[in-house]
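Using the working numbering, the first residue of the sequence shown is number 2, and each one after it goes up by one. Beta carbons: idealized from backbone N, C-alpha and C, even for Gly. Here the structure is laid out as structure tokens; the discussion comes afterwards.
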Amino acid sequence: KMQVETSVNTSKSLSFVYDNQMYLLGALNALSNSTNVLYQVNATSFSMVPVEGEPYIGRGAKGVIYGYELYLIGGENLGNVLGLYKLSMKNLSWVFIHTHGGPALNEHEVLLDANRMWVFGGRNSTHCLTTIYMF
């Protein structure tokens with residue numbers, strides 16, 4: 002058993018593995034507001050990783066790693082987050098990818114198959130979604 006104490010609330014953060022390292026993206030600050038902080042996690046530490054560019058800010062996003070990039074969609078931050086974001090793990094910088102036709106959503110699922118990101122269901126501000134999107 003391993004236990005690492007942190008000073009941040011990691012509820013609804015996104016966890017992923019890149020280059021054999023564990024990461025957490027996003028957390029809640031002391032006022033329960035979403036943050037865009039990237040943390041690197043190992044057996045003995047929990048440390049912030051500086052990231053450049055206009056960040057994704059939200060909680061509950063879902064994402065997939067493709068090559069050296071993390072693609073994120075959806076989440077919550079004073080409403081649902083619209084759009085697709087890319088975090089380059091090579092140079093630690095954000096890019097917002099303009100998408101057309103996709104809703105602002107949260108509580109959805111994503112997966113990567115055949116070089117495409119599939120987004121399944123979720124919720125928008127008024128109801129559950131039954132649509133499947135492919136990017």
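Check residue i in the structure and name its three-state DSSP category.
i	result
methionine 90	coil
serine 12	coil
glycine 123	strand
serine 35	strand
Cα-Cα, which of the options is closest to residue i?
i	options	result
leucine 29	Thr45, Val18, Val50 and Thr7	Thr7
valine 18	Arg117, Tyr67, Gly123 and Thr132	Tyr67
glycine 64	Tyr40, Pro56, Thr36 and Trp119	Trp119
phenylalanine 136	Asp20, Gly84 and Ser35	Gly84
glutamine 4	Phe47, Asn37, Thr36 and Ser35	Phe47
glutamine 41	Pro56, Asn34 and Asp20	Asp20
serine 94	Tyr134, Asn116 and Pro56	Pro56
glutamate 53	Ile133, Asp114, Val96 and Asn116	Val96
asparagine 92	Leu112, Gly76, Leu71 and Ser126	Leu71
tyrosine 122	Asn37, Gly75 and Leu26	Sequence inspection shows glycine at residue 122; the tyrosine mentioned does not correspond to that position. The shortest C-alpha separation from glycine 122 is found at Gly75.
Output the boundary residues of the beta strand (DSSP E) element that contains residue i.
i	result
tyrosine 72	70-74
valine 50	47-50
glutamate 77	Element bounds for glutamate 77: n/a, residue is neither H nor E.
So residue i packs on residue j, CB below 8 Å; how close in whole Å?
i	j	result
asparagine 43	methionine 23	7 Å
leucine 73	tyrosine 86	5 Å
tyrosine 69	methionine 49	Tyrosine 69 to methionine 49, Cβ: 20 Å. No contact.
glycine 27	serine 33	So it is not a contact: roughly 12 Å between Cβ atoms.
The segment 46-66 contacting the segment 9-16, beta-carbon criterion three pairs below 8 Å: yes
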